[in-house]
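Asks: Before we start, here is the structure in question, set down as structure tokens.
Number of protein chains: 2
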Amino acid sequence: MEWREDRLFLLDQTLLPRKVKMAACSSVEDVTDAIRTMVVRGAPAIGIAAAFGIVLGAKASTARNRNELLKDVLDASERIGSARPTAVNLFWALERMKNVLLQNETDNVSLLKDLLLKEAHTILSEDRETCRRIGLHGSALIKEGDGILTHCNAGGLATSGYGTALAAIFAAGEQGKNIKVYVDETRPLLQGSRLTAWELKAAGIDTTIICDNMAGLVLKEGKVNLVITGADRIAGNGDAANKIGTYSLALLAEAHEVPFYVAAPRSTFDMKLQCGDQIPIEQRDPDEVAVFQGKRIVPEGVDVYNPAFDVTPHRLIRGIITEKGVVTPPYEANLAKLFD
Amino acid sequence: MEWREDRLFLLDQTLLPRKVKMAACSSVEDVTDAIRTMVVRGAPAIGIAAAFGIVLGAKASTARNRNELLKDVLDASERIGSARPTAVNLFWALERMKNVLLQNETDNVSLLKDLLLKEAHTILSEDRETCRRIGLHGSALIKEGDGILTHCNAGGLATSGYGTALAAIFAAGEQGKNIKVYVDETRPLLQGSRLTAWELKAAGIDTTIICDNMAGLVLKEGKVNLVITGADRIAGNGDAANKIGTYSLALLAEAHEVPFYVAAPRSTFDMKLQCGDQIPIEQRDPDEVAVFQGKRIVPEGVDVYNPAFDVTPHRLIRGIITEKGVVTPPYEANLAKLFD
């Protein structure tokens, strides 16, 4: 993800790994579409893209004072926020951008636009540092020779560039630990086989793709010492929404007494929510399941259910790896401390 | 599946649902290839195809007496048996064909060939009756309004034409029960979305496809009252090998206190085996996972693990639906009675 020549450049994740192509966004509409169609995806990355989307909205604004600019920014926020409902980083970033205007009492619109751009860059660089710290804390959980199972993509592509769940794995690799990573392919959009495998291979980490339904067998065979995934929104009690299939995986890990960890920055927590039931779950186009690379695989006239996320209850989560350290149960008390 | 003009005609299941095309087998080699490449699949269907494969082997034989014919039949058996190691029906059917020769002490080769053809037809028609009975016993477990979850294809396509797990569902439908069936798409070869959905739709049953990793959520949402799958080989203690993902599904059902049933004819039991650990698990080509409809979805150089089956331990199985009724725990004792 890169800001240059007044445009946001995104690595188009829908084309990976077969094509490495940058998509340029020059308007709020472009950014909204990129988030909706998953050109950019992953909770932190969506937040950063949203922030630059606000910059683009402000840039196009003809506002003559702060109030007019605020109105245009709120309008852009609403459009960008509509793209995907589950990942809270999106709304967190939009809130931070709005606060730039609320906290700077000037009608110098040009200055305000500069401050918005500065805030977007800050969000981006903070995410880099956050991911490094998550990697550091997470890697301490990984021992020499461990087998690790992950789901979807919580890597560099899902963030500013180092990842959350994968940050822990990258850091363990950098520390010279020999590890073996199993990756759920992650139907329907195959972020595991397309994106995570691509990132891990580039990092020189021993990687094996499995179909999602093989996780139980791989756990039973003793190949996995810990499971780490990312998250899209975490409630105040530790319940964590993440890519569909994460809940199944957490149950399978529990059945085999393998610890299940979630890695996420503090921006992924929605402390207003008491529990995971309150997290909105995005339903996506049935054709993501029914059609593959242009070919229909489900007979016409058969229904398809395609929830994009599920919620893993906190009782299944051994710890949540944040930039401030690993939070363990009891979550309500310990998460409250995290946000003190 | 049909025998006509001295050839075995199989509905090519690799092309469904996009193309309905019969494949004709006129040699042992044709049948072996059809089993290996999954033109025909499903434990009972493989058994029937194998029996007709022996007929084709006998037909091509130039044997002048029973011993010579037996030698040719055993040779054909070995070739066909090498195609897929897990489903025991294959070996059960080959054994039955061999026994035709062992039990008829004549050197009238032409008569023996006729008897072999007759035995293959008997296996086919017995399977029809067996499936009907499985459907009858299984449907008694299904109540009005039930949600049912199944995995892979244990339908007409996997048998002589009515199925095992799906037989129970078809029969419940024929009895006028309103039911709703959720079907795991079943990666990597998508037998759920391609085959099971196609069969259920043709039977007018309310069908919804889910990705395999959605099963946990669907169970949590209370949409499923029972899970029914088929089996490829069942050990003497009730441990059941079935399509990869069945074990995960059984664990998820247990976690939600939803009963998990296996439907299988007696020919799927391998009473020589004390437990499921002894069942050989076929490993298939990694490209089944890595390549989809000619396009690579896993980056080159990344490993893929592709076991075709897993074993569900008997403790997770509420009952095994056979043509003789539903066998419940304790399995060792009750299965011994089944084979009395």
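Those protein sequence lines, which keep their order, are chains X and F.
Here my numbering is used: the first residue of the first sequence is 228, the next is one more, and so on.
Here my numbering is used: the first residue of the second sequence is 228, the next is one more, and so on.
From the three backbone atoms N, C-alpha and C, an ideal C-beta is built for every residue, glycine too.
#1: For Q510 (chain X), write down the residues that DSSP places opposite it in a beta bridge.
#2: From the beta carbon of S420 (chain X), is the nearest beta carbon of chain F less than 8 angstroms away?
#3: Along the beta strand (DSSP E) that carries L238 (chain F), what are the first and last residues, could you check?
#4: Between the stretch 339-355 of chain F and the stretch 371-379 of chain F, do three or more beta carbon pairs fall short of 8 angstroms?
#5: Helix, strand or coil for I275 (chain X), going by three-state DSSP, please let me know.
#6: Where do the N-terminal and C-terminal ends of the alpha helix (DSSP H) with E295 (chain X) fall, by residue?
#7: Do R293 (chain F) and T349 (chain F) have their CB atoms nearer than 8 angstroms?
#8: What residue range is occupied by the uninterrupted beta strand (DSSP E) comprising L376 (chain X)?
#9: Just verifying my parser: in three-state terms, what is the DSSP assignment at Y488 (chain X)?
#10: What residue range is occupied by the uninterrupted beta strand (DSSP E) comprising V408 (chain X)?
#11: What three-state label does DSSP hand D341 (chain X) in the structure shown?
#12: Could you tell me the alpha carbon to alpha carbon distance between T259 (chain F) and I455 (chain F), rounded to whole angstroms?
#13: Could you tell me which residues DSSP puts in a beta bridge with C252 (chain F)?
#14: Please confirm whether C502 (chain X) has its beta-carbon closer than 8 angstroms to some beta-carbon of chain F.
#15: What number of angstroms, rounded off, separates the C-alpha of Q240 (chain X) from the C-alpha of A458 (chain X)?
#16: Report yes or no: is there a C-beta of chain X within less than 8 angstroms of the C-beta of A424 (chain F)?
#17: Can you give me the Cβ contacts of K447 (chain F) inside the same chain, cut-off strictly under 8 angstroms, excluding the 5 residues immediately before and after it?
#18: Verify the CB distance criterion: does R414 (chain X) have a CB-CB separation below 8 angstroms to chain F?
#19: May I ask you to list the residues that DSSP assigns as paired with V554 (chain F)?
#20: Establish whether the CB of Q240 (chain X) and some CB of chain F are separated by less than 8 angstroms.
#21: Taking 8 angstroms as the threshold (C-beta atoms), are T473 (chain F) and H378 (chain F) in contact?
#22: Could you please give the first and the last residue of the uninterrupted alpha helix (DSSP H) stretch that includes A480 (chain F)?
#23: Looking at chain F, is there any beta carbon in it that lies within less than 8 angstroms of the beta carbon of V531 (chain X)?
#24: Spell out whether any CB of chain X is found under 8 angstroms from the CB atom of F519 (chain F).
#25: For T264 (chain X), decide whether its Cβ has a neighbour in chain F, counting only Cβ atoms nearer than 8 angstroms.
#26: What did DSSP end up calling L462 (chain X) once you bin it into helix, strand or coil?
#27: Go through its chain and collect everything with a Cβ distance to S253 (chain F)'s Cβ below 7 angstroms, but skip five positions before and after it.
#28: Between the C-alpha atoms of I369 (chain X) and E412 (chain X), what's the straight-line distance to the nearest angstrom?
#29: Look at the Cβ atom of V408 (chain F), then the Cβ atom of G419 (chain F), and state whether they are nearer than 8 angstroms.
#30: Using a Cβ cut-off of 7 angstroms, pull out every chain C residue sitting near L393 (chain F), in sequence order please.
#31: Is it right to say D504 (chain F) is buried, meaning 16 or more other beta carbons lie within 10 angstroms of its own, or is it exposed?
#32: Between the beta-carbon of I436 (chain F) and the beta-carbon of V529 (chain X), is there less than 8 angstroms?
#33: To the nearest angstrom, report how far apart G280 (chain X) and I307 (chain X) are at their CA atoms.
#34: Taking the alpha carbon of N405 (chain F) as the point to measure from, which residue in F:R421, F:I461, F:A517, F:A430 has its own alpha carbon closest?
#35: Using only alpha-carbon positions, find the residue among X:I461, X:A442, X:R460 that is nearest to N452 (chain X).
#36: Near V255 (chain F), which residues of its chain fall below 7 angstroms by C-beta distance, leaving aside the five closest residues on each side in sequence?
Replies: Reading it off the structure:
#1: Partner(s): X:P534.
#2: S420 (chain X) counts as touching chain F.
#3: First-last of the beta strand (DSSP E) with L238 (chain F): 234-238.
#4: The stretch 339-355 of chain F, when compared against the stretch 371-379 of chain F, does not touch it at the 8 angstroms Cβ threshold.
#5: It is helical.
#6: Where E295 (chain X) is concerned, the enclosing alpha helix (DSSP H) stretches over 293-308.
#7: Not closer than 8 angstroms, so no.
#8: Segment 374-377, the beta strand (DSSP E) holding L376 (chain X).
#9: Strand.
#10: Note, V408 (chain X): beta strand (DSSP E), 407-411.
#11: Looking at D341 (chain X) - three-state DSSP - the assignment turns out to be helix.
#12: The straight-line gap from Cα to Cα measures roughly 29 angstroms.
#13: According to DSSP, which records beta bridges pairwise, C252 (chain F) is partnered with F:L235.
#14: Interface annotation, C502 (chain X): not in contact with chain F, CB-CB separation never under 8 angstroms.
#15: Spanning the alpha carbons of Q240 (chain X) and A458 (chain X) requires a straight line of approximately 18 angstroms.
#16: So yes, A424 (chain F) belongs to the interface.
#17: H483.
#18: R414 (chain X) counts as touching chain F.
#19: Answer is F:I547, bridged to V554 (chain F).
#20: For Q240 (chain X), the closest Cβ of chain F is not nearer than 8 angstroms.
#21: With respect to the 8 angstroms criterion, H378 (chain F) and T473 (chain F) are classified as neighbours on the basis of their beta carbons.
#22: First-last of the alpha helix (DSSP H) with A480 (chain F): 473-482.
#23: Residue contact check for V531 (chain X) against chain F: a CB pair falls below 8 angstroms.
#24: With respect to chain X, the C-beta atom of F519 (chain F) has a partner C-beta closer than 8 angstroms.
#25: No, its Cβ sits nowhere closer than 8 angstroms to a Cβ of chain F.
#26: Reading the sequence as shown, one finds Ala at residue 462 (chain X) and not Leu. In the three-state scheme derived from DSSP, where H, G and I count as helix and E and B as strand, A462 (chain X) is classed as strand.
#27: Cβ within range, chain order: R234, L283.
#28: One C-alpha to the other measures close to 22 angstroms.
#29: A distance of 8 angstroms or more separates the beta carbons of V408 (chain F) and G419 (chain F).
#30: In the structure shown, chain C cannot be found, because the protein chains are X and F.
#31: Exposed, by the Cβ-count rule.
#32: In this structure, V529 (chain X) lies closer than 8 angstroms to I436 (chain F) by Cβ.
#33: Rounded to whole angstroms, G280 (chain X) to I307 (chain X) spans 7 angstroms at the Cα level.
#34: Nearest C-alpha to N405 (chain F): F:A430.
#35: Relative to the Cα of N452 (chain X), the nearest Cα in the group X:I461, X:A442, X:R460 belongs to X:A442.
#36: Counting only Cβ-Cβ distances below 7 angstroms, and skipping sequence neighbours, we find G280, L283, G284, A303, R306, I307.
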